[in-house]
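Residue numbering for the sequence shown follows this note's numbering, starting at -15 and increasing by one per position.
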Amino acid sequence: MEKMGFGNVTSTSKTMKIIDTEKKISVLIVEDDLLIQKIHKVMMTKFGTEVQLTANGKEAINLFLSGASFDLILIDLEMPIMDGIEATKQLRSMGVTSMIVGVTSRNHDLEIQAFMNASLNACYVKPLNVEKVIVVLNELKNI
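Now the structure itself:
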């Protein structure tokens, strides 16, 4: 069951189309699990995005404090040092306006809602699949 996304996620040919853009999308993947990092990085680069990886929320905060910026942040809920909820709250309090999409292995409504309340734009159960990535990228290009 999909939670808190940008509408229905299906695998029809209509949803497989990505809106063309001349600007390359920059993506920050904040994830401590190396396998999920790799899956998400491969999937995002398949769509021509520039990807950077961090292993926890504190590293993500430090990137933004050093002047980095990203169009999209994919952030895990549960990570060591700083979790996704705290990192998202801090990023928003720093004025970060990037689209922030939570990814979690949890499928419990209350936990997902708590994550969404940190000012996420959307939240999906991981790992992301092609259909979910297309929905996120299309939504990002419509902003």
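Even glycine gets a Cβ: it sits at the ideal position worked out from N, Cα and C.
Annotation for Ala102: Ile69, Thr72, Lys73 place their beta carbon closer than 6 Å to its own, counting only its chain and skipping 5 residues before and after. Ile65 is positioned such that its CB atom lies closer than 7 Å to that of Lys42. Judged by DSSP in its simplified three-state form, Thr38 adopts strand. Using a Cβ distance threshold of 7 Å, Leu58 and Val26 do not count as a contacting pair. Per the C-alpha coordinates, the member of Cys107, Asp93, Leu94 positioned closest to Val85 is Cys107.
In this structure, Ser82 lies away from Lys110, with their beta-carbon atoms at least 7 Å apart. When secondary structure is reduced to three states using DSSP, Thr81 falls in the coil class, being assigned neither helix nor strand.
Taking a 10 Å sphere around the C-beta of Lys7, we find fewer than 16 other C-beta atoms and assign the residue as exposed. About 6 Å separates the beta carbons of Asp16 and Asn40, which is inside the 8 Å limit, making them a contact pair. In the three-state scheme derived from DSSP, where H, G and I count as helix and E and B as strand, Ile65 is classed as coil. Counting the other Cβ atoms within 10 Å of the Cβ of Ala98 gives fewer than 16, which makes it exposed.
The residue from Ile20, Leu19, His24, Arg76 with its alpha-carbon nearest to that of Ala44 is Arg76. Under the three-state reduction of DSSP, Thr33 is assigned to coil, being neither helix nor strand.
7 Å or more divides the Cβ of Leu19 from the Cβ of Gln36.
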